[in-house]
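So the structure is just underneath, and the comments pick up after that.
In this note's numbering, the protein residues as written are 10 to 112.
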């Protein structure tokens with residue numbers, strides 16, 4: 010298990026099982042450092058419309074295995090814990106309440 014820190018200094022767990030799940034997708038190969046970077050320095054954070062305790066952390070990358078994409082790291086927060094649910098590449102961020110945006 011990896012212990013990461015998000016942009017607000019909160020500890021976020023990334024279990025080996027979740028990391029393996031993320032890296033099973035061919036387009037996510039070699040994205041481990043980008044996952045850390047996106048949590049620490051997102052360009053936009055949006056509250057999930059499906060679960061108010063989950064945030065979508067986005068950062069744009071010019072070079073991925075599938076071209077220019079946004080990397081989304083999905084994190085579930087509670088009062089005593091935070092952990093990565095999944096991560097994926099996408100063409101654009103989802104709509105929803107913007108919790109934070111890079112100035």
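All C-beta atoms, glycine included, are put in the ideal place defined by N, C-alpha and C. Note that this is a predicted model, so its numbers are computed, not measured.
Spatially closest choice to residue i from the options, by CA coordinates
{"i": "residue 54", "options": "96, 81, 91 and 98", "result": "81"}
{"i": "residue 37", "options": "51, 16, 63 and 72", "result": "72"}
{"i": "residue 87", "options": "16, 12, 20 and 13", "result": "20"}
{"i": "residue 28", "options": "109, 104 and 92", "result": "92"}
{"i": "residue 17", "options": "23, 97, 48 and 42", "result": "48"}
{"i": "residue 97", "options": "83, 45 and 59", "result": "83"}
{"i": "residue 105", "options": "85, 94 and 65", "result": "65"}
Alpha-carbon to alpha-carbon, residue j and residue i
{"i": "residue 102", "j": "residue 67", "result": "7 Å"}
{"i": "residue 25", "j": "residue 10", "result": "5 Å"}
{"i": "residue 70", "j": "residue 89", "result": "31 Å"}
{"i": "residue 35", "j": "residue 57", "result": "25 Å"}
{"i": "residue 79", "j": "residue 12", "result": "23 Å"}
{"i": "residue 77", "j": "residue 33", "result": "20 Å"}
{"i": "residue 63", "j": "residue 109", "result": "14 Å"}
Status (buried if at least 16 other CB within 10 Å, exposed otherwise) for residue i
{"i": "residue 99", "result": "exposed"}
{"i": "residue 107", "result": "exposed"}
{"i": "residue 75", "result": "exposed"}
{"i": "residue 51", "result": "buried"}
{"i": "residue 111", "result": "exposed"}
{"i": "residue 14", "result": "exposed"}
- [ ] Kindly provide the ranges of any beta strand (DSSP E) runs that are 3 or more residues long and lie completely inside the region 60 to 88, ordered along the chain.
- [x] 63 to 70 and 78 to 86
- [ ] Starting from the N-terminal side, write out each stretch of the beta strand (DSSP E) that is 3 residues or longer and does not extend beyond the region 25 to 65.
- [x] 53 to 56
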